[in-house]
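Accompanying notes for the structure given below.
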Amino acid sequence: AEENVVGPGLHINEAYDIFTVSNPINVSADNGIGVLVSAKVDTLNIESDVNASGTNGTAVKFESGQKNSDGSVTPINVNHFNVSGTLKGNQTVIYISPEVYVDEIRIMNGADIQGNIISNWNPDPSDTPELIYGAKIDEDGSRVPDNAFTLSYSGSINSNSGIYMRVLGGTLEYNGTANVKNVDILAGATLSGTGKYILTAETRANNEILRGTLYNFGTFDLGKGIQKIEITGNYRQESNDSLKVDFDTNGESDKLIITDGSATLDGYLTLTPQVDYYYNNQKITID
């Protein structure tokens with residue numbers, strides 16, 4: 068798009084089974100929207116670069132273009148949104164309007180994501196979108212873990228609907244704030260970084276307020292160096308899974324801070340001494 072144009076660089080306003088943006092096609096918009104999706108698409112693939120610079124830059128926006136005579140908007144569905152290219156949005160990297168249900172956002176190997184993710188989908192307990200890191204598509208079209216996946220992502224994830232955030236395979240280093248329903252670290256996958264996790268609060272019939280859970284079925288690495296990781300909600304670690312903690316000669320260690328919830332700890336604790344042990348020739352004693 069031309070400079071200061073607010074409209075989209077690419078507008079998908081017709082229904083498609085599969086729509087792919089791939090090399091050598093790249094999309095850019097200055098102070099606007101890179102890719103605008105306003106119609107039903109079963110599978111949207113972004114394999115090249117989408118760059119939305121400027122104050123209002125949004126890399127990919129999902130917004131229904133089906134306006135009714137009474138002023139209401141007809142909801143639309145996108146089943147699969149696969150990202151293996153580069154998405155950069157100065158304001159938002161992925162924006163989902165209240166009337167659009169994106170079933171699965173799959174961040175795949177090779178992806179570079181820079182910017183915040185916002186989902187305003189009107190919540191329906193039976194329809195909870197998934198934000199999946201470390202998936203690949205096998206020959207029959209199913210999603211499977213990709214152990215080669217690696218990504219460092221620092222944007223915030225804000226979810227009105229309580230997106231399920233899942234690390235399916237490989238390693239995600241997350242350094243932002245995730246406001247989501249639950250977080251799953253699947254078997255064989257690793258979640259690391261300095262992220263903060265605010266898990267959705269639900270009010271039960273008896274007015275009891277329960278928050279979501281970060282489930283560790285793989286490895287939860289509390290970061291490089293001494294870090295403090297905060298979870299507002301619950302943490303649950305299963306019998307075959309690992310929590311990785313760094314510690315130093317000053318008696319400091321990584322801290323996992325749980326508020327508004329509880330921790331269930333099973334499995335393994337992996338302790339890593341910091342470099343001051345090697346310089347000071349310290350003897351390590353575990354008490």
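Heads up, the sequence shown is in our numbering, so the first residue is 68 and it goes up one at a time. Just so it is clear, CB atoms sit at the ideal spot from N, CA and C, and this is done for glycine as well. These figures come from a predicted structure and were not determined experimentally.
**OP:** Taking GLN181 as part of the beta strand (DSSP E), name the residues at either end of that continuous run.
**Re:** What you label residue 181 is simply residue 114 of the sequence shown in a count that begins at 1. Residues 179 to 181.
Original post:
Cα separation between LYS263 and SER136?
Top reply: Walking along the sequence shown from the start, residue 263 turns up at place 196. Walking along the sequence shown from the start, residue 136 turns up at place 69. For LYS263 and SER136, the distance between alpha carbons rounds to 43 Å.
Subject >> Given ASP313 as reference, the closest of ASP288, THR339, THR87 once Cα atoms are compared >> reply: Numbered from its first residue, the sequence shown carries residue 313 at position 246. Among ASP288, THR339, THR87, the Cα nearest to that of ASP313 is on THR339.
**OP:** Report the residue from SER223, LYS248, THR244 whose alpha carbon sits nearest the alpha carbon of MET232.
**Re:** Counting from 1 along the sequence shown, the entry for residue 232 is found at position 165. When only C-alpha atoms are compared, the closest one is LYS248.
**OP:** Report the three-state DSSP secondary structure of ASP84 (helix, strand or coil).
**Re:** For the purposes of this step, residue 84 is taken as the residue at position 17 of the sequence shown. Three-state DSSP puts ASP84 in a strand.
Subject >> Reduced DSSP category for ASP343 - H, G, I as helix; E, B as strand; rest coil >> reply: For the purposes of this step, residue 343 is identified with residue 276 of the sequence shown, where counting begins at 1. Looking at ASP343 - three-state DSSP - the assignment turns out to be helix.
Original post:
Under a three-way DSSP split, which group does GLN304 fall into?
Top reply: On the sequence shown, residue 304 is found 237 positions in, with the first residue counted as 1. In this structure, GLN304 counts as strand in the three-state DSSP scheme.
**OP:** Return the residue from the list ILE185, THR238, LYS107 that minimises the CA-CA distance to SER285.
**Re:** Translated into the one-based positions of the sequence shown, residue 285 becomes position 218. The displayed chain sequence assigns Gly, not Ser, to residue 285. Across the set ILE185, THR238, LYS107, the C-alpha of THR238 shows the shortest separation from the C-alpha of GLY285.
Original post:
Measuring CA to CA, which of ASN90, ASN183, TYR168, ILE325 is closest to ALA106?
Top reply: Here the question's residue 106 lines up with position 39 in the sequence shown. When each option's Cα is compared against that of ALA106, the closest is TYR168.
Original post:
What are the boundary residues of the beta strand (DSSP E) that MET232 is part of?
Top reply: To locate residue 232, count along the sequence shown from 1; it is residue 165. It spans 231 to 234 - the beta strand (DSSP E) in which MET232 sits, taken as one unbroken run.
**OP:** Please determine, among ARG173, ASN149, ASP343, ASN189, the residue with the shortest C-alpha to C-alpha distance to ILE163.
**Re:** Locating residue 163 in the sequence shown gives position 96, counting from the first residue. For ILE163, the nearest C-alpha among the options comes from ASN189.
**OP:** Going by DSSP, name the residue or residues bridged to ASN112.
**Re:** Here the question's residue 112 lines up with position 45 in the sequence shown. According to DSSP, ASN112 bridges with THR87, ASN149.
Original post:
Expressed to the nearest angstrom, what Euclidean distance is found between the alpha-carbon atoms of ALA119 and THR125?
Top reply: Sequence index remark: in the sequence shown, residue 119 carries index 52 (1-based). Sequence index remark: in the sequence shown, residue 125 carries index 58 (1-based). Here the C-alpha atom of ALA119 lies approximately 5 Å from the C-alpha atom of THR125.
**OP:** Give the secondary structure of PRO142 by DSSP, where H, G and I count as helix, E and B as strand, and everything else as coil.
**Re:** Along the sequence shown, one-based indexing puts residue 142 at 75. The answer is coil: DSSP assigns PRO142 none of H, G, I, E or B.
**OP:** Return helix, strand or coil for ASP46, following the three-state DSSP convention.
**Re:** Look at the range of the chain in this structure, 68 to 354, and you will see that residue 46 is not part of it.
**OP:** Go ahead and pull the three-state DSSP assignment for LYS134.
**Re:** If you number the sequence shown from 1, residue 134 lands on position 67. Strand, per DSSP.
Subject >> Alpha-carbon to alpha-carbon, GLN304 and ASN274 >> reply: To locate residue 274, count along the sequence shown from 1; it is residue 207. To locate residue 304, count along the sequence shown from 1; it is residue 237. The straight-line gap from Cα to Cα measures roughly 27 Å.
Original post:
Would LEU281 be called buried (16 or more neighbouring beta carbons within 10 Å of its own) or exposed?
Top reply: Reading the sequence shown from its first residue, position 214 is the one you call residue 281. By the neighbour-count criterion, in which a residue is buried when 16 or more other Cβ atoms sit within 10 angstroms of its Cβ, LEU281 is buried.
Original post:
Tell me, which residues are paired with GLU240 by DSSP?
Top reply: Translated into positions along the sequence shown, residue 240 becomes position 173. Partner(s): SER219, SER259.
Original post:
What are the residues that DSSP puts in a beta bridge with SER164?
Top reply: Taking the sequence shown and counting its residues from 1, the one referred to as residue 164 is at position 97. DSSP, once it has assigned bridges, lists no residue as partnering SER164.
Original post:
Which residues does DSSP pair with ILE204 in a beta bridge?
Top reply: As a first step, residue 204 is located in the sequence shown; it is residue number 137 there, counting from the start. ILE204 pairs with ARG210.
**OP:** Could you tell me whether the region 90 to 98 touches the region 135 to 151, where touching means 3 or more Cβ pairs closer than 8 Å?
**Re:** no
Original post:
If you compare alpha carbons, which of GLU297, PHE287, ASP327 is closest to TYR335?
Top reply: The count along the sequence shown starts at 1 and reaches residue 335 at position 268. Here the closest residue by C-alpha is PHE287.
Original post:
Which residues in the same chain have their Cβ closer than 6 Å to the Cβ of ILE85, if we skip the five residues on either side of it in sequence?
Top reply: Counting from one through the sequence shown, the residue named residue 85 turns up at place 18. Same-chain partners within the cutoff: THR110.
Original post:
Rounded C-beta distance between ILE185 and GLY152? I'm assuming under 8 Å.
Top reply: Position 118 of the sequence shown, counted from the start, is the residue given in the question as residue 185. Position 85 of the sequence shown, counted from the start, is the residue given in the question as residue 152. Not confirmed; about 20 Å, so no contact.
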